[in-house]
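J.: In the order they appear, the protein sequences are chains A and B.
First residue of the first sequence? That's 5 in our numbering, and the numbers climb one at a time after it.
First residue of the second sequence? That's 5 in our numbering, and the numbers climb one at a time after it.
Number of protein chains: 2
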Amino acid sequence: MQKKKYNIPVEATLEVIGGKWKCVILCHLTHGKKRTSELKRLMPGITQKMLTQQLRELEEDGIIHRIVYNQVPPKVEYELSEYGWSLKDILDSLCAWGEKHITKVYGDKFAVLEESVLNGKRT
Amino acid sequence: MQKKKYNIPVEATLEVIGGKWKCVILCHLTHGKKRTSELKRLMPGITQKMLTQQLRELEEDGIIHRIVYNQVPPKVEYELSEYGWSLKDILDSLCAWGEKHITKVYGDKFAVLEESVLNGKRT
DNA sequence: GTTTATAGGTACTTTAAAGTATCTATATTA
DNA sequence: TAATATAGATACTTTAAAGTACCTATAAAC
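1) Please tell me whether threonine 17 (chain A) and tryptophan 101 (chain B) are closer than 8 Å, where the distance is taken between their beta carbons.
2) Which residues in the same chain have their Cβ closer than 7 Å to the Cβ of leucine 95 (chain B), if we skip the five residues on either side of it in sequence?
3) I need the DSSP call for leucine 84 (chain A), collapsed to helix, strand or coil.
4) Can you check whether the CB of proline 13 (chain A) is closer than 8 Å to the CB of glutamate 86 (chain B)?
5) Quick check on DSSP: helix, strand or coil for tyrosine 10 (chain B)?
6) Output yes if chain B places a C-beta closer than 8 Å to the C-beta of valine 14 (chain A); else output no.
7) Find out if the Cβ-Cβ distance for the pair glycine 49 (chain A), asparagine 11 (chain B) is shorter than 8 Å.
8) Starting from the C-beta of valine 20 (chain A), find all residues in its chain whose C-beta is less than 6 Å away, skip the five residues before and the five after it, and write them out in chain order.
9) For leucine 59 (chain B) and histidine 69 (chain B), what's the separation of their Cα atoms in angstroms?
10) Which class does histidine 32 (chain B) belong to by DSSP, given the choice of helix, strand or coil?
11) Give me the Cα-Cα distance between leucine 91 (chain B) and leucine 46 (chain B), rounded to the nearest whole angstrom.
12) Closer than 8 Å, CB to CB, is leucine 62 (chain A) near chain B or not?
13) Expressed to the nearest angstrom, what Euclidean distance is found between the alpha-carbon atoms of glycine 88 (chain B) and valine 72 (chain B)?
14) Within its chain, find whatever has a CB closer than 8 Å to the CB of arginine 39 (chain B); leave out the 5 residues flanking it on each side and keep chain order.
15) Run down chain B in chain order and give the residues with a C-beta less than 8 Å from the C-beta of proline 48 (chain A).
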């Protein structure tokens, strides 16, 4: 494997957990293994395609494990790998900062979680 | 200000420090205030436009301060605000994980940092 | 025999992110 | 007088990320 050159180590981290969805997926997985349909419910804004795409990439990077049950209808579960668990502190602090930030900006403990307005734009 | 709805707090964090450059800029600023030209040197892959654009956004979000010296040629410095410093732990752990990941994947302590190959593609 | 649930594939399109090129200002230096 | 350094603006283009629509399989339930 050729060496990738980074100008600063954080670039390597972002290559693995960067993007719109990966941190969100991983945060959910820190609360235990989840099957595909659960993840979809937890992330109402994600599409089927993006979900599987991101899961595949995380799997390739060794961050999560994919557990396939041989049954119909299909059942697949995802869980953090041991390597994925090494991201726990990062994920927790990202979540914690987000909570505080929401409080600071919007005044409330937490901006209302409604199943509407899932398109990522301010209402 | 209307309330933005997040499905999980980490989304709020990503809104502030997500994207290709912001974490990199902020990591550099954790080592002290930097003027524009310094940041450009530290991030050989970034363009003038992206640099100022990201700096503006970070400033708007209250993460950094822009200090303008009234002289010619112009001198402008950027530093983390107090609020920005609240991201210190996140930034440090992102960097630390990146270092370990590079070691794991590429075997070396650190993939060679060369000023070439800055286009973000594997060589 | 049609519908349901589950997990996913794939081609195509749209949108957002990022990059390129060219422009500004002005005191100082050569 | 022309070049230099610095920080930035702006219009435009390219590329990458994300989204849409439609397709597969199969056992069980209705």
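Positions of the beta carbon are idealized from the N, C-alpha and C atoms, including for glycine.
T.: In this structure, then:
1) When the beta-carbon positions are compared, threonine 17 (chain A) and tryptophan 101 (chain B) come within less than 8 Å of each other.
2) Cys27, Leu30, Cys31, Thr34
3) strand
4) Proline 13 (chain A) is positioned such that its CB atom lies no closer than 8 Å to that of glutamate 86 (chain B).
5) DSSP places tyrosine 10 (chain B) in coil when its eight states are reduced to three.
6) yes
7) yes
8) Asp65
9) 9 Å
10) helix
11) 20 Å
12) no
13) 19 Å
14) Lys79, Val80, Glu81, Tyr82
15) Asn11
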